[in-house]
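Asks: Below is the structure I would like to discuss, written out as structure tokens.
Number of protein chains: 2
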Amino acid sequence: MATIYDVARLAGVSPATVSRVFNGTSVSPQKTEAVRRAAAELRFTPNRAARTLRRQSSEVIALIIPDIENPYFTEMARGVEDVASTAGYSVVLCNSDSQTEKESTYLRIAMAENMSGVILAAASDDPDIDEVLATGRPVVAVDRRTGREIDGVMMANREAGRIAAAHMLQLHDRVAYIGGPENIETAAERAQGWRQAHRDAGRAAPDELLRFSTFRVDGGRAAMEELLRLPEPPDAVVAGNNLIGVGAIQVLTEHGLTPPRLGVAVIGSLPFTTLSPSVVSVVRLPAREMGVTAARMLLARIDGDRQQARTVVLGGELLSAEPAP
Amino acid sequence: MATIYDVARLAGVSPATVSRVFNGTSVSPQKTEAVRRAAAELRFTPNRAARTLRRQSSEVIALIIPDIENPYFTEMARGVEDVASTAGYSVVLCNSDSQTEKESTYLRIAMAENMSGVILAAASDDPDIDEVLATGRPVVAVDRRTGREIDGVMMANREAGRIAAAHMLQLHDRVAYIGGPENIETAAERAQGWRQAHRDAGRAAPDELLRFSTFRVDGGRAAMEELLRLPEPPDAVVAGNNLIGVGAIQVLTEHGLTPPRLGVAVIGSLPFTTLSPSVVSVVRLPAREMGVTAARMLLARIDGDRQQARTVVLGGELLSAEPAP
DNA sequence: TTGAAAGCGCTAACAC
DNA sequence: GTGTTAGCGCTTTCAA
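Protein chains in written order, with this note's numbering: chain A, 44 to 368; chain B, 44 to 368.
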């Protein structure tokens, strides 16, 4: 790989001038042209490690998510990437696998690589970000709060849970809820919405129909199996995220209870569904928009935005499978 | 962030000794201990930009895929990541979006960042990798060939197509095929398998039932719609990849033809399916294994393996929905 | 506008 | 085994 010295020699200028051409400071038109020509001829690309070392920052942002195989997060990643790449930033996608340890490793790497900032969908409610913040690098939280005074983009989880459950309660009596791990705020909030819907309908929330599981397909499967084994099983279920929805519907299908035989509402889009859209209600969560918003906030911070930390809350949209009364 | 000079001062040794402690060359136990203590106290993490600049290589590998929202590729990514992170390497996941231009950009970044190697699922059959290869960095091709003499891990595409079609031909007469873009080898090979199956069965391949589309859900949808509008529609269909399968089944469902009313075989796993496993035949492609194998080959090359380029071909596994005769 | 030169933090060759 | 030192390729003062 050619260096600026090679380019400088070929163009008959100093290395500093080459650098200036590539960084937009004023250079005479002739020299600019000569440098461009030489750079093209040598297929010169600035060495990023050197640039990063010198500048103490690189045009890379880290996006750390808990599950790269979950379409909700990949959709969000697309949003982040589109905004970032338009602004000339690259995105490094890191999969924490919901493990705080892996997450910390990636956070250290982000620092050690002098990355410009981090977008974090945290694996726990107390992620290891203080050191990153101490270096002055911005962090934006997505989907899950961090307990820090930083920018964030969240979903209206409680409201999403409430809408989904309320919708089911219009046509069903015993509406179950399967959520993610109780210690993850997202999951807890959505469950609160389910409770709220019962209260709003003047009923007691049937806690025997509430299950906290994992945000994965197998979690949805296990919980649904359990619910069906109950002496008095539910006649409808709210799935706390997309993958739980998939697992629950799989189990229902295996038991001959494919929706709408048993009512199903899912929080988040049903990924790659092959069901008719008219049989399952979905509270669509705008994942891509969450990514776009987070990326914009982060870039603004990188550009020196110093205003107080803001949290943007995005609402879900009910795509109803069943008629409102 | 602390530097090795800070650590050296605190530990009462030279910077070189600190470096040695972190790089495994011989240092006396006492000094090692002193350095470790000082490093811990200062929360020292080696600056990667500096290390990379000096070493001319970083412990990062790039994984470039055409569609980050396709579970086939994210499953592969998991395989790559598991192997790489065990070996102390980080994986940077790049989404080329099937655009050769974006792909080239990421390849340049990989070079400019001095990454150790690249795993590439190419967007075209002639990707822009010669410069990377010229720098001596290894590239391993996955899923799609590159026309270069480099290591690769491919699926037995033709065979997968043949098995899927042969299976459908056991119970059906008019077996259609919907594949990805004809100019992508993967797609063309699988279609050849479909033709082969017809020949093997002593029939002419019904080319009016062959559709080349995109490897996405909308591609599968459009092609399936077309096929159903035919004066003499098919009674079974082979989907050339997972997402085409999803799109095709969606359309069938909307037309009241949910499998098994019309026979469906899919090449690749049906992502997050909510169908009963007994209604759709799947030729499972071992995506994770492809990633694992590719990562191992790449790491071996990085470690100096100089043997001739090899291509590993992985076979698919038929998960049958319908009884063999 | 341009060039010379210092230095970002680290590693590796060399000297002891 | 350990320290000194040069230098990876770039950006950015400082002077001209």
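Cβ coordinates follow ideal geometry from the N, Cα and C atoms, glycine included.
With DSSP collapsed to three states, give me the class of Leu305 of chain B.
Replies: Residue state for Leu305 of chain B is assigned as coil, using DSSP reduced to three classes.
Asks: Starting from the beta carbon of Ser133 of chain A, find every residue of chain B whose beta carbon is closer than 7 Å, and list them in chain order.
Replies: Simply Ile152.
Asks: Taking buried to mean at least 16 other C-beta atoms within 10 Å of its own C-beta, is Val356 of chain B buried or exposed?
Replies: Per the 10 Å Cβ criterion, exposed.
Asks: Compare the C-beta of Ala45 of chain B with all C-beta atoms of chain A and state if any pair is closer than 8 Å.
Replies: no
Asks: Is the beta carbon of Ile193 of chain A sitting closer than 8 Å to the one on Val182 of chain A?
Replies: yes
Asks: Given a threshold of 16 other Cβ atoms within 10 Å of its Cβ, counted over all protein chains shown, does Tyr2 of chain B qualify as buried or as exposed?
Replies: In the structure displayed, chain B extends from 44 to 368; residue 2 of chain B sits before or after that span and is not available.
Asks: Please name the residue, chosen from A:Val103, A:Ser57, A:Arg91, A:Ala92, that lies closest to Ala81 of chain A on a Cα-to-Cα basis.
Replies: A:Ser57
Asks: Please say whether Val325 of chain B and Leu362 of chain B have beta carbons closer to each other than 8 Å?
Replies: yes
Asks: Any beta carbon of chain B sitting closer than 8 Å to that of Ser62 of chain A?
Replies: By this cut-off, Ser62 of chain A is not an interface position.
Asks: Between Val135 of chain B and Val103 of chain B, is the Cβ-Cβ spacing less than 8 Å?
Replies: yes
Asks: Would you mind sorting Gln293 of chain A into buried or exposed? The rule is 16 or more other CB atoms within 10 Å of its CB.
Replies: With 16 or more Cβ atoms within 10 Å of its Cβ, Gln293 of chain A is classed as buried.
Asks: Is it the case that the stretch 287–306 of chain B contacts the stretch 91–107 of chain B, given that we only count it when at least three CB pairs across the two stretches are under 8 Å?
Replies: Inter-segment contact for the stretch 91–107 of chain B and the stretch 287–306 of chain B is absent: fewer than three beta-carbon pairs are separated by less than 8 Å.
Asks: When Cβ atoms are compared, which residues of the stretch 149–173 of chain B fall closer than 9 Å to chain A?
Replies: Tyr149, Arg151, Ile152, Met154, Ala155, Glu156, Asn157
Asks: Using a Cβ-Cβ cut-off of 6 Å (strictly less than) and excluding sequence neighbours within five positions of Leu328 of chain A, which residues of its own chain qualify?
Replies: These residues qualify, in order along the chain: Met198, Gly311, Gly359.
Asks: Residues of chain A with a CB under 9 Å from the CB of Ala59 of chain B: which are they?
Replies: Those do not exist, as Ala59 of chain B stays about 19 Å from chain A at its closest Cβ, beyond 9 Å.
Asks: Identify the continuous alpha helix (DSSP H) that holds Arg188 of chain A and give its terminal residues.
Replies: Segment: none, Arg188 of chain A is in no alpha helix (DSSP H) and carries neither H nor E.
Asks: As a quick exercise: from B:Arg217, B:Phe255, B:Glu112, pick the residue whose alpha carbon is nearest that of Asp228 of chain B.
Replies: It is worth fixing the name first, because residue 228 of chain B is Glu in this sequence and not Asp. Per the Cα distances, B:Phe255.
Asks: Could you give the C-beta distance for Ile221 of chain B and Gly283 of chain B, rounded to a whole number, given that I count them as a contact under 8 Å?
Replies: Indeed they touch by this definition, with Cβ atoms about 6 Å apart.
Asks: Against Val260 of chain A, what residues of chain B qualify as contacts under a CB-to-CB distance less than 9 Å, listed in chain order?
Replies: Phe315
Asks: Output yes or no for whether 8 Å exceeds the beta carbon distance between Leu253 of chain B and Asn285 of chain B.
Replies: no
Asks: Using beta-carbon positions only, say whether Val185 of chain A and Met333 of chain A come within less than 8 Å of one another.
Replies: yes
Asks: According to the neighbour-count rule (16 or more other Cβ atoms, all chains shown, within 10 Å of its Cβ), is Pro368 of chain B buried or exposed?
Replies: Any reading at Pro368 of chain B needs caution, since the residue's pLDDT is 39, under 50, leaving its predicted position unreliable; the model's value is listed next. Under this definition Pro368 of chain B is an exposed residue.
Asks: Counting pairs of beta carbons, one from the stretch 234–242 of chain B and one from the stretch 204–212 of chain B, are three or more of them closer than 8 Å?
Replies: Under the 8 Å Cβ criterion, the stretch 234–242 of chain B counts as touching the stretch 204–212 of chain B, having at least three qualifying pairs.
Asks: If we call anything under 8 Å between Cβ atoms a contact, is Ser133 of chain A one with Pro109 of chain A?
Replies: Contact check for Ser133 of chain A against Pro109 of chain A fails: the beta carbons are separated by 8 Å or more.
Asks: Assuming Ala231 of chain B and Met267 of chain B form a contact by the criterion Cβ under 8 Å, report the distance between their Cβ atoms to the nearest whole angstrom.
Replies: With a Cβ gap of about 20 Å, Ala231 of chain B and Met267 of chain B do not count as contacting.
Asks: Please tell me whether Pro114 of chain A has its Cβ less than 8 Å away from any Cβ of chain B.
Replies: yes
Asks: With a threshold of 8 Å between beta-carbons, can Ser363 of chain A be considered close to chain B, or not?
Replies: no
Asks: Since Met119 of chain B and Arg264 of chain B are thought to touch, with beta carbons under 8 Å apart, how far apart are those beta carbons, to the nearest angstrom?
Replies: Rounded, the Cβ-Cβ distance is 24 Å, inconsistent with contact.
Asks: I want to see whether chain A comes within less than 8 Å of Ile206 of chain B, judged by CB atoms only; does it?
Replies: no
Asks: Shorter than 8 Å from the beta carbon of Thr129 of chain A to some beta carbon of chain B?
Replies: no
Asks: Buried or exposed, going by whether 16 or more other CB atoms sit within 10 Å of the CB of Asn157 of chain A?
Replies: buried
Asks: Determine, using beta carbons only, whether His210 of chain A and Ala308 of chain A come nearer to each other than 8 Å.
Replies: Yes, the Cβ-Cβ distance between His210 of chain A and Ala308 of chain A is below 8 Å.
Asks: Rounded to the nearest angstrom, how far is the Cβ of Leu163 of chain B from that of Ile111 of chain B, given a contact under 8 Å?
Replies: Actually they do not touch by this definition, with Cβ atoms about 14 Å apart.
Asks: Could you pull the start and end residues of the beta strand (DSSP E) that Glu112 of chain A belongs to?
Replies: It is not in any beta strand (DSSP E) - Glu112 of chain A carries neither H nor E in the DSSP assignment.
Asks: With a threshold of 8 Å between beta-carbons, can Ser85 of chain A be considered close to chain B, or not?
Replies: Before going on, a small fix: residue 85 of chain A reads as Leu here, not Ser. So, not an interface residue.
Asks: Can you find a CB in chain A that lies within less than 8 Å of the CB of Thr143 of chain B?
Replies: no
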